[in-house]
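*Asks:* The sequence shown begins at 9 in the numbering used here and counts up one residue at a time. Ideal Cβ placement from N, Cα and C applies to all residues, glycine included.
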Amino acid sequence: VMLFVNKIAEITHRHVVDSGGHPNKNIGDAFLLVWKLKSGKNTNSSGDLQRTLFDSSLKCMQKVIEDVRNVGNLGSFLKEKKSDISPPWA
């Protein structure tokens, strides 16, 4: 399980940082990812900044999902039916 979570974390952190975001916290299988809205004198409007920020974060998550699906054994793990995966205590 840790290999699975670590690979997801590696992919997620890479794309978040590349898109201008910040991986903030990892709690088990959940990630807190932050994109900070920047303001400055060279900006058109806060609406344009928000739209750019939202687009950047959405494209980032699309890349994360695509990479997770394309990773060899990780992709095959995700395609398995849940009923085929036996819990570790069984």
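Kindly indicate which residue of Ile19, Asp56, Ser65, Asp75 has the alpha-carbon position closest to the one of Trp43.
*Replies:* On the sequence shown, residue 43 is found 35 positions in, with the first residue counted as 1. The option with the nearest alpha carbon to Trp43 is Ser65.
*Asks:* Does DSSP put Lys33 in a helix, in a strand, or in coil?
*Replies:* Mapped onto the sequence shown, residue 33 falls at position 25. Strand.
*Asks:* Going by the DSSP bridge assignment, what does Leu11 pair with across the sheet?
*Replies:* Within the sequence shown, residue 11 is the residue found at index 3, counting from 1. Per DSSP, none; premise fails for Leu11.
*Asks:* When we look at the beta-carbon of Ile73 and count the other beta-carbons within 10 Å, is it buried (16 or more) or exposed?
*Replies:* The sequence position of residue 73 within the sequence shown is 65, counting from 1. Under this definition Ile73 is an exposed residue.
*Asks:* Residues bridged to Phe39 by DSSP?
*Replies:* Counted from its first residue, the sequence shown places residue 39 at position 31. The partner list for Phe39 (beta bridge, DSSP) reads Asn34.
*Asks:* When the Cα atoms are used, what is the spatial distance from Leu45 to Val79?
*Replies:* In the sequence shown, the residue the question calls residue 45 occupies position 37. In the sequence shown, the residue the question calls residue 79 occupies position 71. The straight-line gap from Cα to Cα measures roughly 32 Å.
*Asks:* Less than 8 Å separating the beta-carbons of Gly28 and Leu41?
*Replies:* Numbered from 1 along the sequence shown, position 20 holds the residue referred to as residue 28. Numbered from 1 along the sequence shown, position 33 holds the residue referred to as residue 41. No, these two residues do not count as a Cβ contact at 8 Å.
*Asks:* Less than 8 Å between the CB atoms is what I'm expecting for Thr60 and Phe39, so what's the real figure, rounded?
*Replies:* Translated into positions along the sequence shown, residue 60 becomes position 52. Translated into positions along the sequence shown, residue 39 becomes position 31. Wrong, their Cβ atoms sit about 22 Å apart, outside the cutoff.
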